[in-house]
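S.K.: Per this note's numbering, the sequence shown runs over residues 410 to 742.
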Amino acid sequence: MASSVLRIGIAGCGYAAQVHLDRLLAIDAVRVVGCADTDLDAARALAARVPVEEGGPDVPAFSDHKELIRQLAPDALAVFTPHLAHYRIAMDALQADCHLFIEKPLSTNLQEAVDVAGLARGRNLKVGVGHQFRLRPSLAEARRRVSEGAIGPVRLVTATLAQSWLSAHHSAENSWRFDPNFAGGGMLADAGDHMIDALLWTTGQVAVEASAVQSREASGLDVVTAAALRLADGTAATLGLSGVSAGDLFELTYFGERGWLRATDTLLEEETVAAARREVALPEPSETIDGNFVSAVVAGTPLCCPADQALETVRLLEGIARSAATGQVVRLS
410 MASSVLRIGI AGCGYAAQVH LDRLLAIDAV RVVGCADTDL DAARALAARV PVEEGGPDVP
470 AFSDHKELIR QLAPDALAVF TPHLAHYRIA MDALQADCHL FIEKPLSTNL QEAVDVAGLA
530 RGRNLKVGVG HQFRLRPSLA EARRRVSEGA IGPVRLVTAT LAQSWLSAHH SAENSWRFDP
590 NFAGGGMLAD AGDHMIDALL WTTGQVAVEA SAVQSREASG LDVVTAAALR LADGTAATLG
650 LSGVSAGDLF ELTYFGERGW LRATDTLLEE ETVAAARREV ALPEPSETID GNFVSAVVAG
710 TPLCCPADQA LETVRLLEGI ARSAATGQVV RLS
């Protein structure tokens with residue numbers, strides 16, 4: 410980049426954008442230059458939160474992301490729209506030579522995700538995907554210990570996520586649009602997408618087989634998913650997602666031949682044949698997913714989750730949804 414200041418536009422101005430905007434504004438190397446949403450009032454409200462110099466012009470708002478790109482030519486576009494809108498916005502931004510930050514999932518089907526990753530690669534542009542669980546110290550340390558064989562060869566991984574998700578996403582302030590056929594919405598593609606990425610990333614594996622069942626609302630919205638998975642090295646894994654829980658639970662457990670690891674969002678426990686169960690000391694989180702993206706574009710540091718890696722999460726999301734819909738075991742190529 411010619412300048413060390415990253416000019417960022419925002420597409421999609423709902424709750425997620427509000428959270429990420431606060432993080433972006435805290436980074437000296439960022440200037441938010443415009444906001445776009447099909448709901449122009451939402452775009453104006455978010456733009457009004459961006460500080461401007463005294464006497465300077467307000468940050469502009471648009472009802473169309475293409476107008477934001479055309480008029481402002483940002484260095485990067487941050488996409489916080491409903492999942493179904495990710496693909497078209499991403500392709501428009503990449504074709505305009507914008508770097509991209511996309512709130513997960515990368516897209517709602519594998520072919521779209523491949524298209525986005527391929528275009529970014531061909532134009533030498535960064536695409537960071539919002540799989541921010543990778544920055545949790547508990548998961549980063551679990552990944553390190555698994556890769557180093559601290560508990561021996563891993564034979565089974567269990568991943569469980571339970572939330573009061575359904576009530577939260579049916580509230581007035583969360584007017585999401587859902588795709589009952591796959592990952593446009595629902596527990597699987599929303600909070601479950603984080604858990605799937607964490608499972609694959611911490612094990613360093615991809616999934617090759619999936620068998621799943623789901624419970625759905627009358628609208629087709631998936632709220633509970635249970636899946637049995639086989640990873641590339643033969644390791645078995647189970648995934649349990651519930652969006653109708655009265656409380657919250659996030660847990661990954663790795664069972665190896667010489668011990669086990671249990672990771673939550675804030676702690677890591679370990680027990681081996683040589684040592685009793687103990688809590689592993691962890692550092693404080695060192696960066697946000699937004700700061701990671703800005704640093705990758707401005708300074709060339711590694712992305713937390715580049716598009717090429719996010720493809721495997723989309724592939725597994727698609728496979729789980731297909732298995733649940735057909736009642737068949739799905740083999741993932």
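Just so you know, even glycine gets a beta-carbon here, dropped at the ideal spot from N, CA and C.
Nothing here was measured: the structure is a model prediction, and the numbers come from that model.
1) Keeping to the same chain, check which residues put their C-beta closer than 8 Å to that of T697; ignore five residues upstream and five downstream.
2) If you draw a straight line from the alpha carbon of V682 to that of V563, how long is it in whole angstroms?
3) Just the Cα atoms here: how many angstroms apart are C714 and E721?
4) Closest to M604 by C-alpha separation, out of P514, V555, A451, would be which residue?
5) Pick out whichever of A559, G443, Q504, A607 has its Cα sitting closest to the Cα of A426.
6) Please identify the residue among L630, Q718, H474, P711 whose C-alpha is closest to the C-alpha of W610.
7) Flag this pair as yes or no: are the beta carbons of L390 and A619 separated by less than 8 Å?
8) Using CA atoms only, rank isn't needed, just tell me which of F664, A716, Q572, D599 is closest to A747.
9) Quick one: which unbroken beta strand (DSSP E) runs of 3-plus residues sit fully inside the segment 436-516? Chain order, please.
10) For I511, which of A485, G527, A684 has the nearest alpha-carbon?
11) Rounded to whole angstroms, what is the Cα-Cα separation between V468 and A705?
12) Write down every uninterrupted run of the alpha helix (DSSP H) in the segment 617-704 whose length is 4 residues or greater and which is fully enclosed by it, in chain order.
13) Hey, quick one: how far does the alpha helix (DSSP H) through R724 stretch, first residue to last?
14) Going by beta carbon distance, what residues of the same chain come within less than 8 Å of P589, once the five residues before and after it are set aside?
15) Per DSSP, what kind of secondary structure is G709 in: helix, strand or coil?
16) How would you call D602, buried or exposed, if buried means at least 16 neighbouring beta carbons within 10 angstroms?
17) Excluding the five sequence neighbours on either side, which residues of its own chain have a C-beta within less than 7 Å of the C-beta of V461, listed in chain order?
18) When you compare only the Cα positions, how much space is there between D446 and A454?
19) If contact is defined by three or more beta carbon pairs under 8 Å, each pair taking one atom from either stretch, is the segment 546-563 in contact with the segment 517-526?
20) For the candidate residues V414, L430, F489, P546, whose alpha-carbon lies nearest to that of E693?
21) Using CA atoms only, rank isn't needed, just tell me which of P483, E476, P711, H429 is closest to I417.
22) Per DSSP, which residues does G418 bridge with? Please list them.
23) Where does A598 fall in DSSP's three states?
24) Note down the Cα distance separating S732 from L493, rounded to an integer number of angstroms.
25) Just confirm the distance between the C-beta atoms of L519 and A568, as a whole number of angstroms; I'd bet it's less than 8 Å.
26) Determine the burial state of N533: buried for a count of at least 16 other Cβ atoms within 10 Å of its Cβ, exposed for fewer.
27) What is the DSSP secondary structure of A551, counted as helix, strand or coil?
28) Within the same chain, show all residues whose beta-carbon is closer than 6 Å to that of Q504, passing over the 5 residues directly before and after it, in chain order.
29) If you draw a straight line from the alpha carbon of I436 to that of G736, how long is it in whole angstroms?
30) In terms of residues, what are the limits of the alpha helix (DSSP H) holding R530?
M.R.: Reading from the atomic positions:
1) Here residue 697 refers to the residue found at position 288 of the sequence shown. Closer than 8 Å at Cβ, skipping near neighbours: R432, Q541, L544.
2) As a first step, residue 682 must be located in the sequence shown, where it is residue number 273. As a first step, residue 563 must be located in the sequence shown, where it is residue number 154. One C-alpha to the other measures close to 14 Å.
3) Within the sequence shown, numbered from 1, the residue matching residue 714 stands at position 305. Within the sequence shown, numbered from 1, the residue matching residue 721 stands at position 312. Taking the straight line joining both Cα atoms gives about 11 Å.
4) Start at 1 with the first residue of the sequence shown, and residue 604 comes out as number 195. When each option's Cα is compared against that of M604, the closest is P514.
5) In the sequence shown, counting from the first residue as 1, residue 426 sits at position 17. A426 has its Cα closest to that of G443, out of A559, G443, Q504, A607.
6) Looking up residue 610 in the sequence shown gives position 201. Nearest option by C-alpha distance: Q718.
7) The first residue shown for the chain is 410 and the last is 742, placing residue 390 beyond what the model contains.
8) Lying before the first or after the last residue shown, residue 747 is absent from the chain, which here runs from 410 to 742.
9) 439-445, 485-488, 508-511
10) In the sequence shown, counting from the first residue as 1, residue 511 sits at position 102. Considering only alpha carbons, the answer is A485.
11) Counted from its first residue, the sequence shown places residue 468 at position 59. Counted from its first residue, the sequence shown places residue 705 at position 296. Rounded to the nearest angstrom, the two C-alpha atoms are 25 Å apart.
12) none
13) Position 315 of the sequence shown holds residue 724. From DSSP, the alpha helix (DSSP H) with R724 extends over 716-735.
14) Here residue 589 is taken as the residue at index 180 of the sequence shown, counted from 1. Because P589 sits at a pLDDT of 40, beneath the cut-off of 50, its placement in the model cannot be relied upon, and the point is left open.
15) The count along the sequence shown starts at 1 and reaches residue 709 at position 300. If DSSP states are grouped into helix, strand and coil, G709 belongs with coil.
16) If you number the sequence shown from 1, residue 602 lands on position 193. Looking at its Cβ environment, which holds 16 or more other Cβ atoms inside 10 Å, D602 is buried.
17) The residue you call residue 461 lines up with position 52 of the sequence shown. Here the set comprises D467, V468.
18) Translated into the one-based positions of the sequence shown, residue 446 becomes position 37. Translated into the one-based positions of the sequence shown, residue 454 becomes position 45. If I take the Cα positions, the gap works out to 10 Å.
19) no
20) As a working note, residue 693 is residue 284 in the sequence shown. Considering only alpha carbons, the answer is P546.
21) Indexing the sequence shown from 1 puts residue 417 at position 8. Of the candidates P483, E476, P711, H429, the one whose C-alpha sits nearest the C-alpha of I417 is P483.
22) For this step, residue 418 is matched to residue 9 along the sequence shown. For G418, which the question treats as bridged, DSSP gives the partners G443, L486.
23) Numbered from 1 along the sequence shown, position 189 holds the residue referred to as residue 598. It is coil, neither helix nor strand.
24) As a position in the sequence shown, residue 732 is number 323, starting the count at 1. As a position in the sequence shown, residue 493 is number 84, starting the count at 1. One C-alpha to the other measures close to 21 Å.
25) As a working mapping, residue 519 is identified with position 110 in the sequence shown. As a working mapping, residue 568 is identified with position 159 in the sequence shown. In fact, because the Cβ distance is near 21 Å, the residues do not count as touching under 8 Å.
26) Translated into positions along the sequence shown, residue 533 becomes position 124. By the neighbour-count rule (16 or more Cβ atoms within 10 Å), N533 is not buried but exposed.
27) For the purposes of this step, residue 551 is taken as residue 142 along the sequence shown, with counting starting at 1. It is helical.
28) Within the sequence shown, the letter at position 95 stands for residue 504. The answer is none, since no qualifying residue turns up.
29) Translated into positions along the sequence shown, residue 436 becomes position 27. Translated into positions along the sequence shown, residue 736 becomes position 327. Looking at the two C-alpha atoms, the distance is approximately 48 Å.
30) In the sequence shown, residue 530 corresponds to position 121, counting from 1. It spans 519-532 - the alpha helix (DSSP H) in which R530 sits, taken as one unbroken run.
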